[in-house]
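Just below is one structure, and these are the notes that go with it.
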Amino acid sequence: AQSVAQPEDQVNVAEGNPLTVKCTYSVSGNPYLFWYVQYPNRGLQFLLKYITGDNLVKGSYGFEAEFNKSQTSFHLKKPSALVSDSALYFCAGKSTSGTYKYIFGTGTRLKVLA
Amino acid sequence: DGGITQSPKYLFRKEGQNVTLSCEQNLNHDAMYWYRQDPGQGLRLIYYSQIVNDFQKGDIAEGYSVSREKKESFPLTVTSAQKNPTAFYLCASSTQGQGAEQFFGPGTRLTVL
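Residue numbers (our numbering), protein chains in the order written: chain L, 1 to 114; chain F, 1 to 113.
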């Protein structure tokens, strides 16, 4: 079965420090991978995606993610965290084999401490 | 403004009642999706539609029904057969492109009284 895992329910980081939110995947073929952010009682907002090519993907609000095929990972990173980055982050994957289903991880709550 | 809207924002239902959640998009997207979000469980797919007048069951379709009569609209009905409907419901849309990201509505929080 295909799956996306976010091994940490919560990540705490001090403001100004780098942050990493982890994601690993088990998706057939060469997957498409996505990161979304959700603020309380809101829908998800798209941050970035990996389709093909450069393994380092840059997205909105200074976020970036690195695709690592050998480790089947797609970790979200930001060099310097802001308090306003505090939110729920979701990693999602999609097979390139023609399915239209997106597979979501369970989410990681990021808390940036002032 | 282009976007995807959901209404109502909050919905209260008595046990045994059917309720319908609205989802409308003006992004000209062919694909639309309904997800249910429960704490600690991420997003679970209820139904999805790739084209007008066609839709497929997702992972947790039991107790739910949908229609796709117009490209812009994908309403979800939560029937009395859904045993635990209290949740946050999210609608999304995307283009048909394989690597396309989804655009999400603001969500509807359904509470069964």
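Ideal Cβ placement from N, Cα and C applies to all residues, glycine included.
The model shown is predicted, which means the values in this text are computed figures rather than measured ones.
So, with DSSP's three-state summary, where would you put residue i?
i      : result
S80/L  : coil
G93/L  : strand
D85/L  : helix
Y102/L : coil
S60/L  : helix
L113/F : coil
K22/L  : coil
Q102/F : coil
Q37/F  : strand
T79/F  : coil
S73/L  : strand
So which residues of chain L does residue i contact, with C-beta pairs closer than 9 Å?
i      : result
F104/F : Y36, Q38, R42, G43, L44, Q45, F46
Taking C-beta pairs closer than 8 Å, name the residues in chain F that residue i reaches, listed in chain order.
i     : result
F90/L : G42, L43
K49/L : G99, E101
Applying a beta-carbon distance threshold of less than 8 Å, which residues of chain L neighbour residue i?
i      : result
Y48/F  : Y100, K101
G107/F : N41, R42, G43
Starting from residue i and walking both ways along the beta strand (DSSP E), at which residues does that stretch end?
i      : result
F74/F  : No beta strand (DSSP E) contains F74/F, which DSSP labels as neither H nor E.
Y39/L  : Segment: none, Y39/L is in no beta strand (DSSP E) and carries neither H nor E.
E64/L  : 64 to 68
I51/L  : Counting along the chain, I51/L falls outside any beta strand (DSSP E), and DSSP gives it neither H nor E.
E24/F  : 19 to 25
K57/F  : 54 to 57
R68/F  : Per DSSP, R68/F belongs to no beta strand (DSSP E) and is neither H nor E.
N28/F  : Premise fails: N28/F is in no beta strand (DSSP E) and is neither H nor E.
K111/L : 108 to 113
Q50/F  : 43 to 51
T5/F   : 4 to 7
N12/L  : 10 to 14
A5/L   : 3 to 5
S93/F  : 87 to 94
Can you list the residues of chain F that residue i reaches, using a CB-CB cut of under 7 Å?
i      : result
F104/L : G42, L43
Y32/L  : Q98, G99
G107/L : G42
Does residue i get closer than 8 Å to chain F when you measure Cβ to Cβ?
i      : result
T96/L  : yes
G115/L : Absent from the model: residue 115/L. The displayed extent of chain L is 1 to 114, so no value can be given.
G93/L  : no
Can you confirm whether residue i, when its beta carbon is compared against all beta carbons of chain L, has any partner nearer than 8 Å?
i     : result
L76/F : no
L90/F : yes
Under a CB-based cut-off of 8 Å, is residue i close to chain C?
i     : result
L56/L : No chain C appears in the structure shown, which is made up of the protein chains L and F.
Beta carbons nearer than 7 Å to chain L: which residues of the region 20 to 44 of chain F have them? The region 20 to 44 of chain F vs chain L, Cβ under 7 Å: A31, G40, Q41, G42, L43.
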